[in-house]
Amino acid sequence: MLRVIKISLVVIWLVVANFVGMIVDMVRSWFSSIFTFTPDRDEMLARLSEAKTFEEWQGIAGNLDVLSGNDLWRQNPMSKVYDYKLIASRFRHLIASRKSGNYEQVAELVRSGSLRNLASICEIDLYNCAYAGTKYLIEDYITEVIHCLQDLADASFERSSSWDHQRRLDYFHDTKRSYGTTSLVLHGGSLFGLCHLGTVKALLSAGLLPNVITGATVGAIVAAFVCSVPAEELLDTIKNLTDELPAIPSDYGKSRFGSVVEAVIRSRYPPEVLLFEQCVYDKLGDMTFEDAFRISGRALNIVVMSTDQSIHPDKGPQRLLNYLTTPKVIIRTAVRASIGTNILRRTENVQIMAKDYNGDTIPFLYRKLHYMPANSATHTSPRDSPYNRLSELFNVNNYIVSVTRPYFAPVLLSDFKHRGESRWLHPAIRLGRTIVQYRVAQMAELGLFPQSMRSLFLDENIPGGFQVNVVPEQGSILQNYAMLVDSQNLKGKVEHWIRIGEQSVWPMIAVIWSRTAIEHTLDSIYTSLVNGER
1 MLRVIKISLV VIWLVVANFV GMIVDMVRSW FSSIFTFTPD RDEMLARLSE AKTFEEWQGI
61 AGNLDVLSGN DLWRQNPMSK VYDYKLIASR FRHLIASRKS GNYEQVAELV RSGSLRNLAS
121 ICEIDLYNCA YAGTKYLIED YITEVIHCLQ DLADASFERS SSWDHQRRLD YFHDTKRSYG
181 TTSLVLHGGS LFGLCHLGTV KALLSAGLLP NVITGATVGA IVAAFVCSVP AEELLDTIKN
241 LTDELPAIPS DYGKSRFGSV VEAVIRSRYP PEVLLFEQCV YDKLGDMTFE DAFRISGRAL
301 NIVVMSTDQS IHPDKGPQRL LNYLTTPKVI IRTAVRASIG TNILRRTENV QIMAKDYNGD
361 TIPFLYRKLH YMPANSATHT SPRDSPYNRL SELFNVNNYI VSVTRPYFAP VLLSDFKHRG
421 ESRWLHPAIR LGRTIVQYRV AQMAELGLFP QSMRSLFLDE NIPGGFQVNV VPEQGSILQN
481 YAMLVDSQNL KGKVEHWIRI GEQSVWPMIA VIWSRTAIEH TLDSIYTSLV NGER
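For the sequence shown, the positions run 1 to 534 when full-length UniProt numbering is used.
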C-alpha cells in the first residue's frame with residue numbers, strides 16, 4: 001500500500017510541476033510578446049526541443065542566439081561574473097609564448113593556471129544567458145590551453161636538454177593532479193533509470209565521458225555496463241543495445257496495464273529496466289572490479305548502504321566499492337546490493353561475493369547484511385556520504401550528476417530552463433528554489449513533513465560542491481504518454497529512454513566542456529606518454 005501511495009505522490013508531483021511550468025512559460029511568453037517582437041523565436045524553441053542529434057541542436061541554438069541577441073553577449077568579453085581582464089591577459093601571453101616557441105614559459109603559464117574554475121570561468125551564470133555556449137573569450141582561452149598542452153607534449157626544448165621524456169611525464173602527471181578529476185554520478189532511478197544510458201551516450205559522443213563513473217541502484221547497473229566494455233567499443237555497444245537484450249517474457253505482452261503502474265507496484269522497476277538488468281548480468285558474469293578496470297580503463301564505483309545502523313561510516317565495511325578498495329569483489333553482486341534487499345524478487349538473499357587467490361567465489365563479508373537502496377539513505381553530515389571517498393581515492397573535485405527523476409527538474413534545472421530570458425528571472429527562480437528547499441528541510445527536521453514526500457523536494461545524497469546536474473524534464477516524459485505506459489514494446493522503450501537521456505545532456509554540453517576539456521586533454525597526453533606513444 002505504501003508503494004502505491006508513493007507512486008501516486010510522484011505522479012501527482014509530475015502533473016503539478018508540469019502545470020506550474022506551463023503557467024510560468026505562459027507568463028514569460030506574455031511578457032515577451034509585449035516587450036519584444038520575435039515571431040520566429042517560439043518556432044525555433046520548438047525545433048530545438050525536437051532536434052534528433054546534437055549537431056542539429058547546436059545549429060538551431062546558434063541561430064536562436066543570433067535571433068535573440070545573445071550572440072552579442074557572447075562576443076562581449078566583459079562581465080561581472082568572472083575576471084575577464086585576467087583571462088584576456090593570460091590568453092595573450094599564452095598565444096605569444098607558443099608562437100615564439102618559448103615552451104618553457106608556456107609550461108610555466110599553463111601550470112600556474114591549472115585551476116578548473118580559474119577567474120570563475122566555470123560559474124553557472126556564464127552558461128544560462130545563451131543557448132549555444134558562453135563568452136567567446138572563455139572558449140578561446142580553454143582552446144588555447146589545449147593547444148599549448150598538445151605542443152608541450154610534442155615539443156623538445158632546444159635551450160634545455162633537461163626536457164626529456166621523464167621530465168615531460170612528471171610535468172603532465174603533476175599538472176593533471178593539480179587540475180583534479182571529474183566523476184560521472186549515475187544517481188538512482190527506477191521508473192526512468194535507463195535515461196542514464198542516454199547521458200552516457202551523449203557525453204561519449206562529445207568526447208566528454210569521465211574515466212571515473214559512480215552508480216547507485218539502477219545507476220549502478222548502467223555504470224557496471226559502461227565499465228565492462230572496452231572504451232573503443234562502448235558507443236557502438238550502446239547504439240546496438242536493443243539487439244543484445246534477452247527475449248521478452250511472454251507474460252509481459254498479456255498485461256493490459258502500463259508497466260509504469262503494474263510492474264512498479266510489483267517490483268518497483270518497470271519491465272524494460274528488468275530486461276536491461278538481466279542483459280547486464282549476463283554480460284558481467286563473474287567479472288570483478290579489477291577486471292572491469294583492466295578491460296575499459298575506467299574506474300567503476302558502486303555505492304552500497306547497509307540497514308545496520310550500528311555500522312560506523314569510517315569503521316564498517318566499504319560503502320564505495322571499486323578496483324582500489326575491493327578489487328576482487330564480483331560486480332554483479334555489488335550491483336544487487338546497491339539496489340537493495342527485497343527490492344526485486346530475485347534479490348531477496350543479497351550477499352556480496354568476491355574471488356579468493358585461487359579464483360574461487362567466497363562471501364566478501366564475515367556476516368550477511370541487509371541492504372537498502374543506495375540512493376535512499378540519509379547522512380548526518382557530508383563526511384558520512386560515500387561520495388566523499390571519491391575525492392580521497394581519485395582526486396575528484398568535479399561532478400556530473402545524472403538524476404533520472406524528472407520531478408527534480410524544476411529544482412535542479414531552473415537556471416538553464418529559461419536561458420536567454422530577462423536577467424531578473426534567474427535570481428527570482430533561484431531564490432524561490434532556495435526558500436522552498438530550506439522550508440522543507442526545516443519541516444522535515446521537526447517531523448512535520450512526510451518522509452515519503454521529502455525526496456520530491458530534497459535529495460541530500462547527490463554529491464555537493466562543484467557539479468553539473470543532468471535531469472530529464474517532465475515535458476519530455478509526458479509528451480509521449482503512450483510510450484510511458486506501453487508494456488509490450490519494451491525494446492522500443494529502451495531506445496526511447498536513451499533518446500530522452502541524450503536530449504537532457506545537450507543543453508549542458510557547453511558548461512561540461514568548459515569544466516572538463518582540459519582534463520580530458522591532460523588524461524590523453526599522460527596516457528600516451530606512459531604507453532610510450534609520444
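Beta carbons are placed, not taken as given, at the ideal position from N, Cα and C, and that holds for glycine. Just so you know, these numbers come straight off a predicted model, no measurement behind them.
{"query": "With DSSP collapsed to three states, give me the class of Ala155.", "result": "coil"}
{"query": "Report yes if the CB atom of Lys85 is closer than 8 Å to the CB atom of Thr242, and no otherwise.", "result": "no"}
{"query": "Going by the beta-carbon positions, is the gap between Leu67 and Trp57 smaller than 8 Å?", "result": "no"}
{"query": "Three-state secondary structure (DSSP) at Thr175?", "result": "helix"}
{"query": "Quick check: the Cα distance between Leu274 and Asp154, rounded to an integer number of angstroms?", "result": "49 Å"}
{"query": "Please name the residue or residues paired with Leu321 in a DSSP beta bridge.", "result": "Ile302"}
{"query": "Please state whether DSSP places Gly432 in a helix, a strand or coil.", "result": "helix"}
{"query": "State the DSSP-derived secondary structure class of Met287, mapped to helix, strand or coil.", "result": "coil"}
{"query": "Quick check: what's the CA-CA separation for residue 537 versus Ile146?", "result": "The structure shown has nothing for residue 537, since the chain only spans 1 to 534."}
{"query": "Measuring only the C-alpha atoms, how far is Gln503 from Asp360?", "result": "44 Å"}
{"query": "Going by alpha carbons, who is nearest to Met372 out of Thr134, Val396, Gly188?", "result": "Gly188"}
{"query": "Assuming Phe192 and Thr404 are in contact, meaning their beta carbons sit under 8 Å apart, how far apart are those beta carbons, in whole angstroms?", "result": "4 Å"}
{"query": "Buried or exposed: where does His196 fall if 16 or more other Cβ atoms within 10 Å of its Cβ makes it buried?", "result": "buried"}
{"query": "From the DSSP output, read off the bridge partner residues of Thr182.", "result": "Asn398"}
{"query": "Do the region 115-133 and the region 93-102 touch if we need at least three Cβ pairs shorter than 8 Å?", "result": "no"}
{"query": "Closest to Leu137 by C-alpha separation, out of Pro210, Trp73, Val280, would be which residue?", "result": "Trp73"}
{"query": "Distance, Cα to Cα, Val218 vs Arg92?", "result": "47 Å"}
{"query": "Using the Cβ count rule (16 or more neighbours within 10 Å means buried), how would you classify Leu234?", "result": "buried"}
{"query": "Taking the Cβ atom as the reference point for each residue, do Ile331 and Leu300 lie within a distance shorter than 8 Å?", "result": "yes"}
{"query": "In three-state terms, what does DSSP make of Ile362?", "result": "strand"}
{"query": "Counting only the same chain and skipping the five closest in sequence on each side, list residues whose C-beta sits under 8 Å from that of Val106.", "result": "Leu94, Ser97, Arg98, Cys148, Asp151, Leu152"}
{"query": "Going by CA-CA distance only, name the one from Ser296, Tyr357, Gln166, Gly285 that's closest to Val335.", "result": "Gly285"}
{"query": "Kindly provide the ranges of any alpha helix (DSSP H) runs that are 4 or more residues long and lie completely inside the region 64-115, ordered along the chain.", "result": "70-75, 84-99, 103-112"}
{"query": "What is the rounded straight-line gap between the Cα of Ser514 and the Cα of Asp125?", "result": "13 Å"}
{"query": "For Val530, count neighbouring Cβ atoms within 10 angstroms of its own Cβ and tell me buried if that reaches 16, exposed if not.", "result": "exposed"}
{"query": "Going by DSSP, what residue range makes up the beta strand (DSSP E) through Met508?", "result": "Element bounds for Met508: n/a, residue is neither H nor E."}
{"query": "Are the beta-carbon atoms belonging to Ala216 and Val303 less than 8 Å from one another?", "result": "yes"}
{"query": "Please report how far the alpha carbon of Ile221 lies from the alpha carbon of Phe276, in whole angstroms.", "result": "8 Å"}
{"query": "One question on the structure: do Ile179 and Ile518 come within less than 8 Å of each other, judged by their Cβ atoms?", "result": "Per the sequence presented here, residue 179 reads as Tyr, with Ile not at that position. Contact flag set, yes."}
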